[in-house]
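Structure, as structure tokens:
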Amino acid sequence: MPEPIIKLKDLEITYNPGKSNEYKATQGVSMDIYPGEFVAFFGPSGCGKSTLFYCILGVLPPSAGELYVMGQNPYSFSPEEMVNFQTNTIGIIYQAFFLINSISVIDNVVLPQIFHGVPPAKRRRWAKELLKRFDMEKHGEKFPDNLSGGQSQRVSVARSMVNNPKILLADEPTGNLDSVSTKQVMSALEEINRVDKKTVIIITHNAAQLSYAHRVFYMKDGLLERIVPNPEKKQIAKVDKQKILVTEMDKLAKIYPYETPVRLKVKSLVNYLTQDINFDQILRLEDFVELMVERKICKDEFISLLNKRFHEGGLGLFPADARDMAEKVEKVLKQSEDARRFRRRFMDNNFFSREDLLLQRLAKYIADECGEDLDVTRKKRLKDLVYKRVAGLIGVADFENYLRVKIDDGGLGISRLRARKLTLHFEKILIQGTDTKGNEH
Ligand code: ADP
């Protein structure tokens, strides 16, 4: 068993000590992280993850307790030793990238080497190699402003590796990225850990990323609550064998980290009662549906993903089920476009000309779904109802009720079961038709 590369013992960090706004952000935190481990600090916002990150980085001294990185206390370093520590021992990746926009991508990557007296040609060669490794070699001469979020983060990964550090600290590295870029960045970190044997510490509140880690450090209210080894990874640290038994509970705990064990058991049973697909499939299905929602794949590509065997990266559904599912998703997404258009015009107050057409179309989707022939009066009532709901003048329960009210009493006279189904369908259209740009986080 090697010595820990990072050791924390009863660590406590207090902000603004002795002042009226004194705040104890972490206390009694003890952990050993071993060379070559990939660990995740996981917990809700405000639990103290970043506080630990900055403490390990050498910029936030502990108020009590001990910290050792490679056997040394960084807070005992001279200023030169500290610079050396922060540039050579630790590589950093931030959620917000922190690239310098006025210099090229390649210069951003080499920047941490400039202070090392490495000749420029050699620096650039090395930076190019790194960019190539993270699939960014084509973009070396661009400026960071012209890169997507995913590309920017891959440049930061290259930059973090330029001085060949032993430890990589990543603070929510995928917090600003879409699912495809997230996968690319996480795979890059995984490779750096597996191939280069770097110790990787990632801060995240995304449970889906925990599968990359050897061990997960669950934090809450400034405390390290538990350390959970990942049963699917060969452990580097010494862990209790009992704890490596893979059960559905372990998987569920990763997907729903904030639920109690009883709630996890409930979820497991409810899933058994209501779904034909297991939790691993649900997670993967979410990724595929996200690609559809973001219009990154078409229906046929979606079907083929659903169809493909699970171990080949698909969902493993039968062809007929895959088609059914794809049709449902495509229908809702297509129909939601009209809801989106209507809402935009409604918000902008400029929908006199074509508002009626949109409402007619939205009402027709519901009428088609209904399967009954509606006469002129019921069609008109449906359109009116659709208008009220899409404009937010009535709630979901009223919408369902009006569908059920007898025709003689001014309603649509639709059966209870069908009314529920139509309401559900319309709500899906409305949700998909909501603009989410700009407030995804
Ligand atoms: P996380 O990274 O898990 O979201 P942080 O480590 O950023 O959490 O914060 C932990 C707690 O410490 C939070 O309650 C936060 O408000 C507080 N905190 C963070 N930075 C400061 C600061 N500079 N001064 C005072 N309190 C702070």
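With my numbering, the residue at position 409 of the sequence shown is 397, and numbering never jumps.
Each residue gets a CB set at the ideal place from its N, CA and C atoms; glycine is no exception.
Owing to the predicted nature of the structure, the values given are computational and were not obtained by experimental measurement.
Quiz item: Is Asn96 near the ligand ADP, judged by its Cβ being under 7 angstroms from some heavy atom?
Solution: No - the ligand ADP has no heavy atom lying nearer than 7 angstroms to the Cβ of Asn96.
Practice problem: Can you have a look at Asn89 and say buried or exposed, based on whether 16 or more other CB atoms are within 10 angstroms of its CB? | Solution: By the 10 Å Cβ count, Asn89 comes out exposed.
Quiz item: Who are Phe26's beta bridge partners in DSSP?
Solution: Answer is Val188.
Self-check item: Sequence-distant residues of the same chain with beta carbon closer than 7 angstroms to Gly426, five excluded per side
Solution: No answer about Gly426 holds up, because its pLDDT of 43 lies below 50 and its placement is not dependable.
Quiz item: Mind checking Pro100: buried by the 16 CB within 10 Å criterion, or exposed?
Solution: Looking at its Cβ environment, which holds 16 or more other Cβ atoms inside 10 Å, Pro100 is buried.
Quiz item: Going by Cα to Cα distance, which pick from Arg404, Asp209, Tyr244, Ala115 is closest to Thr34?
Solution: One point to set straight first is that residue 34 is Gly, not Thr, in the sequence displayed. Measuring from the Cα of Gly34, the nearest candidate turns out to be Asp209.
Quiz item: Curious, which full-length alpha helix (DSSP H) runs of at least 4 residues does the region 147 to 225 contain?
Solution: The qualifying runs are 167 to 182.
Quiz item: Would the beta-carbon of Ala13 be found less than 7 angstroms away from any heavy atom of the ligand ADP?
Solution: Yes, the beta carbon of Ala13 sits closer than 7 angstroms to at least one heavy atom of the ligand ADP.
Practice problem: Return the CA-CA distance between Phe306 and Glu315, expressed in angstroms with no decimal places. | Solution: Roughly 14 angstroms separates the two Cα atoms.
Practice problem: Name the one or two DSSP bridge partners that Gln60 has. | Solution: For Gln60, the beta-bridge partners assigned by DSSP are Val57.
Quiz item: Among residues of its own chain, excluding the 5 on either side of Arg392, which ones have a beta-carbon nearer than 8 angstroms to its beta-carbon?
Solution: Exclusion of the five residues before and after Arg392 leaves Gly399, Leu400, Gly401, Ile402, Ser403, Arg404, Ala407 as the residues of its chain whose Cβ lies within less than 8 angstroms of its Cβ.
Quiz item: Going by the C-beta, is Thr192 closer than 7 angstroms to any heavy atom of the ligand ADP?
Solution: Answer for Thr192: no, Cβ out of range of the ligand ADP.
Exercise. With a floor of 4 residues, list each alpha helix (DSSP H) that falls wholly inside the region 67 to 144, ordered by position along the chain.
Key: Here the runs fully enclosed are 67 to 72, 93 to 102, 108 to 121.
Quiz item: Between Ala310 and Asn295, which are expected to be in contact by the criterion C-beta below 8 angstroms, what is the C-beta distance as a whole number of angstroms?
Solution: That pair is a contact at about 5 angstroms.
Quiz prompt | Tyr260 CB to nearest heavy atom of the ligand ADP below 7 angstroms | solution = In this structure, the ligand ADP has no non-hydrogen atom nearer than 7 angstroms to the beta-carbon of Tyr260.
Quiz item: Do you know offhand how far Ile417's Cα is from Ser324's?
Solution: Distance between the alpha carbons of Ile417 and Ser324 is about 5 angstroms.
Quiz prompt | Proximity winner among Lys239, Tyr22, Leu48, relative to Phe267 (alpha-carbon distances) | solution = For Phe267, the nearest C-alpha among the options comes from Lys239.
Quiz item: Is Asn152 near the ligand ADP, going by C-beta to nearest heavy atom under 7 angstroms?
Solution: No, the beta carbon of Asn152 sits no closer than 7 angstroms to any heavy atom of the ligand ADP.
Quiz item: Taking three-plus beta-carbon pairs below 8 angstroms as touching, is the region 71 to 79 in contact with the region 244 to 254?
Solution: The region 71 to 79 makes no contact with the region 244 to 254: fewer than 3 CB pairs, one atom from each, lie closer than 8 angstroms.
Self-check item: Minimum C-alpha distance to Phe387 - residue among Glu357, Asp361, Gln348, Phe414
Solution: For the set Glu357, Asp361, Gln348, Phe414, the Cα lying nearest the Cα of Phe387 is the one of Phe414.
Quiz item: What number of angstroms, rounded off, separates the C-alpha of Tyr82 from the C-alpha of Ile382?
Solution: Between Tyr82 and Ile382, the C-alpha separation is close to 44 angstroms.
Quiz item: Name the DSSP bridge partner or partners of Ala327?
Solution: Per DSSP, none; premise fails for Ala327.
Quiz item: CB-CB under 8 angstroms to Met70, same chain, minus the five flanking residues each way: which ones, in chain order?
Solution: Around Met70: Gly46, Pro62.
Quiz item: When the Cα of Asp397 is compared with those of Gly421, Val384, Leu412, Arg369, which residue comes out closest?
Solution: Of Gly421, Val384, Leu412, Arg369, the residue nearest in Cα terms is Arg369.
Quiz item: Beta carbon of Lys239: closer than 7 angstroms to some heavy atom of the ligand ADP?
Solution: No, the Cβ of Lys239 stays beyond 7 angstroms of every heavy atom of the ligand ADP.
Quiz item: Among all the DSSP beta bridges, which residues are the ones paired with Thr14?
Solution: Beta bridge pairing from DSSP links Thr14 with Ile1.
Practice problem: Examine the ligand FMN and report whether any of its heavy atoms sits within less than 7 angstroms of the Cβ of Lys371. | Solution: Although the ligand FMN was asked about, the structure shown includes only the ligand ADP as ligands.
Practice problem: Please determine, among Met124, Phe29, Gly380, Lys409, the residue with the shortest C-alpha to C-alpha distance to Thr422. | Solution: The shortest Cα separation from Thr422 among Met124, Phe29, Gly380, Lys409 belongs to Gly380.
Practice problem: Enumerate in chain order the residues of its own chain whose CB-to-CB distance from Pro49 is below 6 angstroms, with the five nearest sequence positions on each side excluded. | Solution: The residues are Tyr63.
Exercise. Provide the residue span of the alpha helix (DSSP H) that contains Cys43, from first to last.
Key: Segment 37 to 45, the alpha helix (DSSP H) holding Cys43.
Quiz item: Is Leu294 helix, strand or coil when you go by DSSP?
Solution: Leu294: helix per DSSP, three-state reduction.
Quiz item: So which of Cys358, Glu129, Asp(-2) has the shortest CA-CA distance to Gly16?
Solution: Of Cys358, Glu129, Asp(-2), the residue nearest in Cα terms is Asp(-2).
Practice problem: Leaving aside the five residues before and after Asp133 along the sequence, list all residues of the same chain whose C-beta is less than 7 angstroms from its C-beta, in chain order. | Solution: Taking C-beta separations shorter than 7 angstroms and ignoring five residues to either side along the sequence, the partners of Asp133 in its chain run Asn89, following chain order.
Quiz item: What are the start and end residues of the alpha helix (DSSP H) that includes Pro50?
Solution: No alpha helix (DSSP H) contains Pro50, which DSSP labels as neither H nor E.
Quiz item: Are Lys287 and Glu318 touching if we call contact CB-CB under 8 angstroms?
Solution: Judged by their CB atoms, Lys287 and Glu318 are nearer to each other than the 8 angstroms cut-off.
Exercise. Using a Cβ-Cβ cut-off of 8 angstroms, state whether Asn72 counts as contacting chain D.
Key: Absent here is chain D; the protein component of the structure consists of one chain.
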